[in-house]
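Enquirer: Protein sequences, first through last, are from chains Y and G.
With the first letter of the first sequence counted as 1, position 44 gets the number 43 in numbering that gives the first Met the number 0; the numbers rise by one all the way through.
With the first letter of the second sequence counted as 1, position 35 gets the number 34 in numbering that gives the first Met the number 0; the numbers rise by one all the way through.
For every residue, glycine included, the Cβ atom is placed at its ideal position computed from N, Cα and C.
Number of protein chains: 2
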Amino acid sequence: MLCSKCRHPAIIYQRYSGLHLCKAHFIADFESKAKRAIRNHRWIKPKDRIAVALSGGKNSSALLYFLKKILGTRRDVRLSAIFIDEGTKGNRDCHVAANIADAIGVELITGSFEEVFGKTIDKVVMEKGDRFSCTFCRVLRGKCLNRIAHDHDMTKLALAINLDDEAQNVLVNVFRGDPERLLKPADTLAEIVPIIRPFLPIPAREVALYAYLHVEGFEIRQCPHSHNALINDVHSLLNDYTWRHPSTKYAIVNLSEQLVSYGFMPGTHADICPVRGESDLSEYRPCRML
Amino acid sequence: MLCSKCRHPAIIYQRYSGLHLCKAHFIADFESKAKRAIRNHRWIKPKDRIAVALSGGKNSSALLYFLKKILGTRRDVRLSAIFIDEGTKGNRDCHVAANIADAIGVELITGSFEEVFGKTIDKVVMEKGDRFSCTFCRVLRGKCLNRIAHDHDMTKLALAINLDDEAQNVLVNVFRGDPERLLKPADTLAEIVPIIRPFLPIPAREVALYAYLHVEGFEIRQCPHSHNALINDVHSLLNDYTWRHPSTKYAIVNLSEQLVSYGFMPGTHADICPVRGESDLSEYRPCRML
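#1: Going by Cα to Cα distance, which pick from G:Lys-4, G:Cys-93, G:Cys-222 and G:Ala-207 is closest to Arg-137 (chain G)?
#2: Could you please tell me which residues of the region 68-84 of chain G, in chain order, have their CB closer than 7 Å to any CB of chain Y?
#3: Just grab the DSSP bridge partners of Glu-165 (chain G) for me.
#4: Just the Cα atoms here: how many angstroms apart are His-7 (chain Y) and Ile-26 (chain Y)?
#5: Is the Cβ of Ser-16 (chain Y) closer than 8 Å to any Cβ of chain G?
#6: Are the Cβ atoms of Phe-174 (chain Y) and Val-252 (chain Y) separated by less than 8 Å?
#7: Suppose you measure from the CA of Glu-364 (chain Y) to the CA of Met-0 (chain G); what does that come to, to the nearest Å?
#8: Whole angstroms is fine: what's the gap from Ala-50 (chain Y)'s alpha carbon to His-244 (chain G)'s?
#9: Once DSSP output is grouped into helix, strand and coil, what is the label at Cys-2 (chain G)?
#10: How many angstroms separate the CA atom of Gly-128 (chain Y) from the CA atom of Gly-17 (chain G)?
#11: For Arg-48 (chain G), name the three-state secondary structure that DSSP assigns.
#12: Counting beta carbon pairs with one atom in the region 67-83 of chain Y and one in the region 99-106 of chain Y, are three or more of them shorter than 8 Å?
#13: Is it buried or exposed for Ile-99 (chain Y), if we count other Cβ within 10 angstroms and need 16 for buried?
#14: Please give me, in chain order, every unbroken run of the beta strand (DSSP E) with length at least 3 that falls completely inside the region 57-137 of chain Y.
#15: Along the chain, where does the beta strand (DSSP E) containing His-19 (chain G) start, and where does it finish?
#16: Assuming Ala-159 (chain G) is part of the alpha helix (DSSP H), what are its boundary residues?
#17: At the level of alpha carbons, what is the spacing between Ile-37 (chain G) and Ser-54 (chain G)?
#18: Report the option in G:Arg-146, G:Lys-155 and G:Pro-202 whose CA atom is closest to the CA atom of Tyr-12 (chain G).
#19: Excluding five sequence neighbours on each side, which residues of the same chain lie with their C-beta closer than 6 Å to the C-beta of Pro-197 (chain Y)?
#20: Are any of the Cβ atoms in chain Y nearer than 8 Å to that of Leu-199 (chain G)?
#21: In chain order, what residues of the region 246-262 of chain Y put their CB closer than 7 Å to some CB of chain G?
#22: Would you list the residues sitting across from Tyr-12 (chain G) in a DSSP beta bridge?
#23: Compare the C-beta of Val-304 (chain G) against all C-beta atoms of chain Y and say whether one is closer than 8 Å.
#24: Are Cys-143 (chain Y) and Phe-112 (chain Y) closer than 8 Å when you measure CB to CB?
#25: Assuming Lys-57 (chain Y) and Leu-162 (chain Y) make a contact with CB atoms under 8 Å, what is their CB distance in whole Å?
#26: Tell me the rounded alpha-carbon separation between His-224 (chain Y) and Gly-86 (chain Y).
#27: Starting from Ile-230 (chain G), follow the alpha helix (DSSP H) in both directions and report where the run begins and ends.
#28: Output, in chain order, the set of chain G residues within a Cβ distance shorter than 8 Å of Arg-243 (chain Y).
#29: Is there a C-beta anywhere in chain Y that falls below 8 Å from the one on Pro-178 (chain G)?
#30: Tell me, please, which residues DSSP counts as bridged to Ile-251 (chain G).
#31: Taking the beta carbon of Tyr-209 (chain G) as the centre, do at least 16 other beta carbons fall within 10 Å, making it buried, or is it exposed?
#32: Measuring alpha carbon to alpha carbon, tell me which residue in Y:Asp-239, Y:Ala-159 and Y:Ile-195 is nearest Ala-207 (chain Y).
#33: Give every residue of the same chain whose Cβ lies closer than 7 Å to the Cβ of Arg-146 (chain Y), excluding the five residues on either side of it in the sequence, and list them in chain order.
#34: Would you mind sorting Ala-9 (chain G) into buried or exposed? The rule is 16 or more other CB atoms within 10 Å of its CB.
#35: Since Ala-61 (chain Y) contacts Leu-156 (chain Y) with CB under 8 Å, what's their CB separation in whole angstroms?
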């Protein structure tokens, strides 16, 4: 097929827009969507020190490349990457993340669950079972990233959450019947380094394609604990439905943003954990998982 | 299998509760759920005149039977049934509804799209195409039922909407990204006969079983226009997911009730349609469909 804009050979077809796009127009479309998200949410301001959570996978590598591309020439914004070693045997290799950060030309900060919490995720799974391992890992990883970003005086933490991830999160909250998580803002927690999500309006397959076009040597192994995640179930259901109704993921993410924008529920205020003596999320949730 | 409560042979297994139930315990469980819904929502009050929307299918027949059973001895509440002929060739037979109302011992009021709107649903579909025929039919049927209930001084209109119907409706609104319909109350519209939904907490298969146990001769044909409904798509998706996570439909309906109960958005006030000079729903939506 030919590109709907310039008649060069197309490399992708977007069902939701009806457009075939060549490499140049795909990249232009991709980057304009991510830039618009940053502008609309006012996610980046002068003097910001931004840390990208870099796992070494395709999503976070693509995000680091993209932010370096648009911010590399700005002297008033600093960009770094943070790699967290959760301690899963056979997963996550620091060298992969280090090579990518090096190739893109960004400083890499490293940390681990072992250093921050005193135990690896493998140990947590061994003690608590692997049924909720993804929930544990996600919450602890968020906590760990925040701690390291805070210690390094970062003002923003950039996560490579894409349209599919967010639509799945919203749907999981609907299937669980959780109104508070649907109404509360996700990224305005007090005393916490604010989170930015530039790839929010971009489907997972487009982020993957962008990564293949720009980054070499990223990690493609899946976490050995991820087979249990509820999100996998919702993932295939949502993809099936979106095949028949192509704009569904956008509709779900817009719904979520609108529900939050009404401001019916204020953001959670981080309390001080009485055990660990530091600010924490939602009733010391990370502490309860250790 | 044996009943989990009395060791008689079971006739149903409820995956969401883990219970096997015999006929007597199934009926007791079913009726206590519907009565609790009526009590919690304060749906029935002394001096109420209740009209059941009776299509002649299993759901509405079961509802009429159930309401007659619990209200039959009360002198302060009157029960009737309304049958609407939408004008679909080969569907809806007034005689089926008449026989059921007669067998249960309830007065039947009849009306039709032809009388109220001057055209049948077949004519509307012929003029507008059948892509949205279920939406047209649902809105016009609601309008028609309300008009007839209002003309007969009814104070409540009882619909046989069950747990599956409501969970599907909520999910369609999520997939469409429609926050207003998630936050607005469905049954408190001004100048409109209030709607009650006693089967809201009961799964479709249990309503069907209750109908098979108590009512004879109900209609089992499907409407010939229903193959296009978006709801069919959501129906199978939700059933698949509920098979793996049995309480999902309850979670979704509870979510919807909680979102509405916050009272973030007031109920719609019915305006006066400038063309037809009568109160109507959401910007004269029925008028636009004719």
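Expert: Reading off the structure:
#1: Of the candidates G:Lys-4, G:Cys-93, G:Cys-222 and G:Ala-207, the one whose C-alpha sits nearest the C-alpha of Arg-137 (chain G) is G:Cys-222.
#2: none
#3: Beta-bridge pairing links Glu-165 (chain G) to no other residue.
#4: 14 Å
#5: Chain G contact via Cβ: absent.
#6: no
#7: Not covered by the structure: residue 364 (chain Y). The range shown for chain Y is 0 to 289.
#8: C-alpha separation (whole angstroms): 38 Å.
#9: coil
#10: 24 Å
#11: Of the three classes helix, strand and coil, the one that applies to Arg-48 (chain G) here is strand, per DSSP.
#12: By the criterion of at least three beta-carbon pairs nearer than 8 Å, the region 99-106 of chain Y is in contact with the region 67-83 of chain Y.
#13: With 16 or more other Cβ atoms within 10 Å, it is buried.
#14: 77-84 and 106-111
#15: Per DSSP, His-19 (chain G) is one residue of the beta strand (DSSP E) stretching across 18-20.
#16: Where Ala-159 (chain G) is concerned, there is no enclosing alpha helix (DSSP H), given that its DSSP letter is neither H nor E.
#17: C-alpha separation (whole angstroms): 22 Å.
#18: Checked all of G:Arg-146, G:Lys-155 and G:Pro-202; the closest Cα to Tyr-12 (chain G) is G:Pro-202.
#19: Ala-33, Ala-36 and Ile-37
#20: Using beta-carbon distances, Leu-199 (chain G) does not count as an interface residue toward chain Y, since no partner is under 8 Å.
#21: Thr-247, Ala-250, Ile-251, Asn-253, Leu-254, Gln-257, Leu-258 and Tyr-261
#22: G:His-19
#23: In the structure as shown, chain G begins at 0 and stops at 289. Residue 304 (chain G) is therefore absent and cannot be evaluated.
#24: yes
#25: With 8 Å as the limit, Lys-57 (chain Y) and Leu-162 (chain Y) do not qualify as a contact, their Cβ atoms being about 15 Å apart.
#26: 12 Å
#27: 229-243
#28: Asp-232
#29: Flagged as an interface residue toward chain Y: Pro-178 (chain G), by a C-beta distance shorter than 8 Å.
#30: Beta-bridge pairing by DSSP links Ile-251 (chain G) to no other residue.
#31: buried
#32: The candidate whose alpha carbon is nearest that of Ala-207 (chain Y) is Y:Ala-159.
#33: Val-115
#34: buried
#35: Not quite, the Cβ-Cβ distance comes to about 17 Å (not below 8 Å), so this is no contact.
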